[in-house]
Amino acid sequence: NILDWATAAKDPSEVGKALHAFVDVSMRVTDPNARVKPVVELVRKSGPDVKRRFVPVLARLGGSDAAKCVGALATGGDETVATTAAAALVRWPDDSALPFVVGLAERTSSDSIRAQCVTTALGWIDANRELPSVDLASFVPRLIAVANGADSIATRKRLTLLLARGNDKAASGAAEKLTHDPALASEAQYALEAIGANRAGAPVVEVSDNSGDARYMLDGNENTTWTVPAT
771 NILDWATAAK DPSEVGKALH AFVDVSMRVT DPNARVKPVV ELVRKSGPDV
821 KRRFVPVLAR LGGSDAAKCV GALATGGDET VATTAAAALV RWPDDSALPF
871 VVGLAERTSS DSIRAQCVTT ALGWIDANRE LPSVDLASFV PRLIAVANGA
921 DSIATRKRLT LLLARGNDKA ASGAAEKLTH DPALASEAQY ALEAIGANRA
971 GAPVVEVSDN SGDARYMLDG NENTTWTVPA T
């Protein structure tokens, strides 16, 4: 059993080989939550040394269950395990770790880890071009509340502007509250008006040619385009 080998190995070189082999075999399983199940079960019942050993493995395998496990470790009682887990979360390969990165930003006592969490979460939310973007009202206000560092005002403004992608009461309410913050009032007002426009319905597009593809300008997908001949 490769997992047993990776757990029992002592020599650093052997540990590396075993972990590498385990990841290679596990990646053949297409369902990310299925492939991490044995590791999650092992980590939950094992001591700090095993936890630290397998946190990078969970990050390599990805998926929401792995992120949930590492997120719990990042806010757990063992400082060495928490440090390893926090470093893995802010470098997670996909946005399945978003809820746990936001949670870590709220709970950590480290300013540098908090700043990394905010930057990572902002990047994931910004990259989500689905319209309306999901969970904006859930995550953006929480990130604004904990944003710190030298560029915290700029970061908070960027986060506030992301609310403009929303189209529900929650996003509108979040933007409304932020209009009372002098540092964010302008961005929050813009977001509030954009949300109102979003809730009014999809925009109507009139174009000079190729009207069948005009909708692609507003679908949030960077891989679709509207084109016309140059004249």
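The C-terminal residue of the sequence shown carries number 1001 in our numbering, and the numbering is unbroken. C-beta atoms are modelled at their ideal positions from N, C-alpha and C, and glycine is treated no differently.
Same chain, Cβ closer than 7 angstroms to residue i, five either side skipped, listed in chain order
i	result
LYS927	LEU954, GLU957
ASP921	none
GLY833	PRO802, ASN803, VAL806, SER866
VAL998	SER978, ASP979, ASN980
ALA944	ALA907, VAL910, PRO911, LEU933
PRO973	LEU988
LEU843	LYS821, VAL825, VAL851, ALA852, ALA855
Buried or exposed (CB count within 10 angstroms, at least 16 for buried), residue i
i	result
GLY786	exposed
PRO802	buried
ILE914	buried
VAL795	exposed
ASN937	buried
ARG814	exposed
ARG935	buried
LYS821	buried
GLY966	exposed
ASP835	buried
Short CB-CB distance (under 7 angstroms) between residue i and chain D
i	result
LEU843	Reference to chain D is not applicable here, since this structure consists of a single protein chain.
Length of the line joining the Cα atoms of residue i and residue j
i	j	result
ARG798	ALA867	22 angstroms
TRP894	ARG861	11 angstroms
SER981	VAL975	8 angstroms
HIS950	GLN959	10 angstroms
ALA856	VAL827	14 angstroms
SER908	GLY817	34 angstroms
SER968	ASP905	Looking at the sequence shown, residue 968 is not Ser but Asn. Taking the straight line from one Cα to the other gives about 16 angstroms.
GLY873	PRO782	33 angstroms
THR994	ALA897	16 angstroms
GLU946	VAL888	22 angstroms
ALA961	HIS790	46 angstroms
Residue i (DSSP reduced to helix, strand or coil)
i	result
ARG823	helix
THR890	helix
SER866	helix
ARG814	helix
ASN991	coil
GLY833	coil
ASP801	coil
TRP775	helix
PRO808	helix
ALA917	coil
PRO782	helix
ASP905	coil
PRO911	helix
SER796	helix
VAL871	helix
ALA791	helix
SER882	helix
Cβ neighbours of residue i in the same chain (closer than 8 angstroms, five flanking residues each side left out)
i	result
LEU773	PHE792, PRO808, VAL809, LEU812
Cβ-based neighbour list, residue i, same chain, cut-off 6 angstroms, excluding 5 preceding and 5 following
i	result
THR890	VAL860, VAL871
ASP864	GLY832
GLY846	ALA852
ALA940	ALA907
GLU849	none
ALA917	VAL888, THR925, ARG926
Exercise for the section: Counting only runs of 4+ residues fully inside the region 922 to 987, write out the alpha helix (DSSP H) ranges in chain order. Expected result: 922 to 932, 939 to 948, 955 to 970, all fully within the region 922 to 987.
Practice task
Entirely within the region 838 to 862 and at least 4 residues each: give me those alpha helix (DSSP H) ranges in chain order.
Solution key: Counting whole runs of 4 or more residues, the region 838 to 862 contains the alpha helix (DSSP H) stretches 849 to 859.
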